[in-house]
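Here the structure is laid out as structure tokens; the discussion comes afterwards.
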Amino acid sequence: MRVPIIAGNWKMNKTIPEAVTLVQELLTLVADVQSTEIVVCPPFTALYSVGQAIAGSRVALGAQNLFWEAKGAYTGEIAPGMLVDLGVRHVIIGHSERRAYQQETDADIAKKLEAAFKAGLSPILCVGEHLAEREAGRAEEVVKGQLEVDLELLATDQVQQLVIAYEPIWAIGTGRSAQPADAAAMAQVIRDVVGAKFGADTADCVRVQYGGSVNAANSGDFLTLEGIDGALVGGASLKAKDFAAIVKSASK
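When you number the sequence shown by our numbering, it's gap-free, plus one each residue, and the end is 326.
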């Protein structure tokens with residue numbers, strides 16, 4: 075039985091006081107949730123303070139990125155061990171915005187996934203297609219190609235612990251979401267790729283999230299689908315009431 079996982083990606087938002095206020099409000103709203111894993115991913119500057127605020131709660135701390143080396147002359151980067159030292163448990167890897175703005179490649183992402191597992195972190199791997207690729211009928215081909223490279227450095231037991239977020243790039247931050255049937259179909263494609271590489275048991279273990287303009291109004295349309303085990307939430311995670319509503323829709 076796969077436990078639903080709802081993760082909030084705050085992106086480049088919230089000062090430390092704002093972040094603490096947000097998470098304190100969230101804790102009150104989700105205090106009675108038992109059956110869903112909840113993750114918040116603030117910017118690096120707020121990780122320590124948010125971690126202190128959620129200590130002892132059911133809300134876990136996540137980061138938005140890491141570098142694949144343990145230490146060294148990599149100005150501006152964050153090592154996996156530094157995240158662990160802050161109490162981080164989850165880390166988003168391969169988000170489309172990093173692929174676009176920082177030119178991250180699937181080979182980079184593969185190294186980051188390997189480094190995250192080596193450090194004891196639980197990665198959330200993001201995959202997804204551009205609108206032109208979907209309109210050309212290449213969405214499945216694109217996601218399969220990403221996964222083939224992204225997963226190549228991982229062992230079976232690591233993949234069984236992986237969360238994969240399907241995020242159609244054209245739906246991120248646009249207010250436009252994929253059709254639930256398309257999300258469910260892509261979740262099956264993801265499991266098919268995992269199953270072909272690592273076996274059916276592993277495919278059954280992998281949790282697949284949907285991400286892309288998920289909000290309190292539409293989350294139930296996705297979270298009730300067979301094969302969708304949660305959501306990676308962007309803008310709606312910046313409002314405690316909206317994020318809590320999404321968490322509770324997964325719990326149903």
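Think of the CB as a built atom: it goes at the ideal place given N, C-alpha and C, for glycine as much as any other residue.
Note that the structure is a prediction, hence the values are computed from the model and not measured.
Using the Cα positions of residue 90 and residue 120, report the straight-line distance between them to the nearest angstrom.
5 angstroms
Per DSSP, which residues does residue 111 bridge with? Please list them.
79
Do the region 126-134 and the region 166-174 make contact, defined as three or more Cβ pairs closer than 8 angstroms?
no
Only counting runs of 4 or more residues, tell me where the alpha helix (DSSP H) segments fall wholly within the region 102-190, in order along the chain.
121-128, 154-159 and 170-175
Neighbour-count burial assignment, residue 109, 16 or more Cβ in a 10 Å radius
exposed
Just confirm the distance between the C-beta atoms of residue 265 and residue 280, as a whole number of angstroms; I'd bet it's less than 8 angstroms.
7 angstroms
Reducing DSSP to helix, strand and coil, say where residue 98 ends up.
Helix at residue 98.
Quick one: grab the DSSP three-state call for residue 196.
strand
What does DSSP give as the partner residue(s) for residue 305 in the beta ladder?
80 and 284
So, does the region 196-206 touch the region 230-246, judging by three or more C-beta pairs under 8 angstroms?
Segments in contact, yes.
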